[in-house]
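Quick note, the sequences are listed as chains A and B, same order.
If you use the working numbering, the first sequence corresponds to residues 34 to 367, in order.
If you use the working numbering, the second sequence corresponds to residues 34 to 367, in order.
As structure tokens, the structure follows; a few thoughts come after it.
2 protein chains.
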Amino acid sequence: MKATIYDVAKAAGVSIATVSKVVNQTGNISGKTRERVIHIMKELQYQPSVVASALTGKKTSTFGLLISDLANPFFAEVARNLEDQAQAEGYSIVMCSTDNKDDKGLNYISLLQRKQIDGLIVACEFSRWPLLQESIPEGFPVVLFSKDIPSLSMHTITVDDYKGGYVAIQHLIALGHRHIGIVTEDSPSGEYRARGAKQAMRDASIAVNEDWIVTVNSSLEDGLAGAARVLGTESRPTALFTCNDLLAVGSMQSAQQLGLRVPDDLSIIGFDDTILSRIVVPRLTTILQPIPEMAKETIQLLLRQSDTPDMPKQKIMFQPQLVEGNSTTAVVEQ
Amino acid sequence: MKATIYDVAKAAGVSIATVSKVVNQTGNISGKTRERVIHIMKELQYQPSVVASALTGKKTSTFGLLISDLANPFFAEVARNLEDQAQAEGYSIVMCSTDNKDDKGLNYISLLQRKQIDGLIVACEFSRWPLLQESIPEGFPVVLFSKDIPSLSMHTITVDDYKGGYVAIQHLIALGHRHIGIVTEDSPSGEYRARGAKQAMRDASIAVNEDWIVTVNSSLEDGLAGAARVLGTESRPTALFTCNDLLAVGSMQSAQQLGLRVPDDLSIIGFDDTILSRIVVPRLTTILQPIPEMAKETIQLLLRQSDTPDMPKQKIMFQPQLVEGNSTTAVVEQ
DNA sequence: ATGAAAGCGCTAACAG
DNA sequence: CTGTTAGCGCTTTCAT
């Protein structure tokens, strides 16, 4: 059987209160007894039970993560970084893929609460966001990761999607492109990105051609099909901005199928800078989200909420960053 | 405050034992009282505390997963599938990336034990495997996922790596290749795969050219560099078998840099069938691991171990499967 | 500086 | 069919 605090107390000839104090470094314990207790603990390989201590109102040192799909490279990277940061603070993370289904998400939330997690990171979509808000007790530590739902009163870590879209287009414009298409995803961040993109075009007095703007789901196939719709138009654009890397890769494949060379015949710029962008040839030009920093801030925000339950809600927005690959190039003068 | 079993009992005018019984569907409770209690539970939004019940010796309904690197697409997919299967059984998973570092792994194991997880899935490497064995109590549910360490007495779920390598080479041979290189990873499964590959060559009376066999770490760059070493030889092979998809992609890039077209000048076959293989052009021919089935069996094995602690150790080996992409083609007669 | 004792929320005999 | 009660392993006053 595993050793308990009683076993240690008995073997050390002290009370369990004393053992508890040396474990938690609380109260006043003489150097001698501390030594002795510590020695015995080693000997017995005593491991304090998180479960028991959680029952007395202490932390479980566990966070929950609701994520769209762990198998998606972008989210996998997010999960990995969150875990690293949590681990550095002595926390572990229970990860839950919701596929952006409200009921799955709500089920997980209820389950995680029963498990008494110390905080929740939401990195998935909800079709009815208020449900989320309702199912979480007031004052419970939560951070919305990488999505900003203005109607929700919650701490939020995002990248500036609008700016990201804007920067992407600026890059294309700087390369001389005047005919730009957009393949966007049907999601809040997708919208922001597209909106920023359009604004950049307007600010440069470039016509926004609605025929060159398509909204699709987020899969390779959708990217391929979406790009095909744009590229199949009579007068196709010379450059394409896609709202994420997966769509960008799909678009590259579409271009190839149509006999268009990237970047010579068509420049493509993606978003996220996932591993995919490094895999494809040519290396994708894309907009990077500073995931490590965002993850760090997320964990810190969660931690701070535990100490300060009624902390004013923060929205922290990180700046996206252009990563130049080889999928974009200067437009060739006709 | 959250409602406890006492609140429910009081509101329903029964004892906590009764409430406990209706919650756990144990004992005999009259229909009427059950109804009433259930009603009150809803009203109070009562959520039984997993922590408290775990303290009385019940399960935490939580598994731990030690994985090399969640951000790696292959492992991300493994994690996702494990989580799905666990979720279907009412379990959640705490995920821990170890980067294959022994100390990280051991730390996690100790932490997870303190959290009283019900089982552990090990999907990472250890340089000193016995450490693993030692740090886990006899009879504690564990499954080794996708790695077979013969010296360890543990339940194991693997794919037949040897066979996978064998099949890969058979495929190349069937296409007429007689000059085959291997880019393998420095890991147990990598070795099995390479070994199977060599055997297939011998069985077909094909010379195994050691100059065409390189062992590298597992990264895109390593794949690129490794392939370059092989392809740079005086008389390069017409086909390459790489021990995983990442290395395959790296090899494709190397081929491209050398001006070799895939598959016309060089056939490449990978291993794992990750998302990467679907991303690249041409679509990678690769050897698939049936991850969903493996994940399912893993969870079941964990579950069964809880019921039958002294269950005889099983090693379940799944069959790999060839997925034909466009990165391999018949060798052109000179 | 140390210990006794009362809980934390729940389960499981054991009574009734 | 329902309730009483003794823990589960730990934390935390409050005494000593």
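We put the CB at the ideal spot given by N, CA and C, even for glycine.
Note that the structure is predicted; figures quoted are calculated from it, not measured.
Taking 7 Å as the Cβ-Cβ cut-off, the stretch 121-132 of chain A approaches chain B at S125, I126, V127, M128, C129 and S130, given in chain order.
F96/A: member of the beta strand (DSSP E) spanning T95 to I100, first to last residue. In this structure, the alpha-carbon of E110/B lies about 20 Å from that of I349/B.
Burial state of T89/A is exposed, judged by a 10 Å Cβ sphere holding fewer than 16 other Cβ atoms. Between R226/B and D194/B, the C-beta spacing is below 7 Å. For E68/A, the nearest beta carbon of chain B is not closer than 7 Å to its own beta carbon. Exclusion of the five residues before and after L257/A leaves G283, Q286 and S287 as the residues of its chain whose Cβ lies within less than 6 Å of its Cβ.
Here R294/A is not near G358/A, since their CB atoms are 7 Å or more apart. Annotation: the continuous alpha helix (DSSP H) that includes E68/B extends over G64 to L77. Setting aside the 5 residues that flank it on each side, T217/A is surrounded in the same chain by G223, A227, T248 and C276, each with a C-beta closer than 6 Å to its C-beta; the list follows chain order. Closer than 7 Å to the CB of P163/A there is not a single CB belonging to chain B. In its chain, beyond the 5 residues on either side, E218 and D219 have a beta carbon closer than 8 Å to the beta carbon of N250/B. With fewer than 16 other beta carbons inside 10 angstroms of its own, K346/A counts as exposed. Nearest C-alpha to F178/B among L309/B, S125/B and E326/B: E326/B. Take A260/B, set aside five residues on each side of it, and the residues of its chain with a beta-carbon closer than 6 Å to its own are V216, S284 and S287, in chain order. Taking a Cβ-Cβ cut-off of 9 Å, the neighbours of S143/A in chain B comprise Q80, given in sequence order. Cβ neighbours of M74/A within its own chain (closer than 6 Å, five residues either side excluded): V41. Along the stretch 235-281 of chain A, the alpha helix (DSSP H) occurs as fully enclosed runs of 4 or more residues at 253-264, listed in sequence order. As DSSP reads the structure, Q354/A sits in a beta bridge with L321/A. Here I301/B is near S360/B, since their CB atoms are less than 7 Å apart. Residue nearest to K134/A within the set L335/A, N114/A, K329/A and R161/A is R161/A (criterion: CA-CA distance). Beta-bridge analysis with DSSP links L153/A to G97/A and V175/A.
For L103/A, a Cβ of chain B is located within less than 7 Å of the residue's own Cβ.
Annotation: Cβ neighbours of R147/B in chain A (cutoff 7 Å, chain order): Q80, P81, S82 and V83. Contact of V282/A with chain B is assigned, a C-beta pair being separated by under 7 Å.
Among the bridge pairs identified by DSSP, T51/A is matched with none.
Bridge partners of K180/B according to DSSP: none are assigned. Residue state for K348/B is assigned as strand, using DSSP reduced to three classes. Contact between the stretch 99-118 of chain A and the stretch 64-84 of chain A is absent, with fewer than three C-beta pairs closer than 8 Å.
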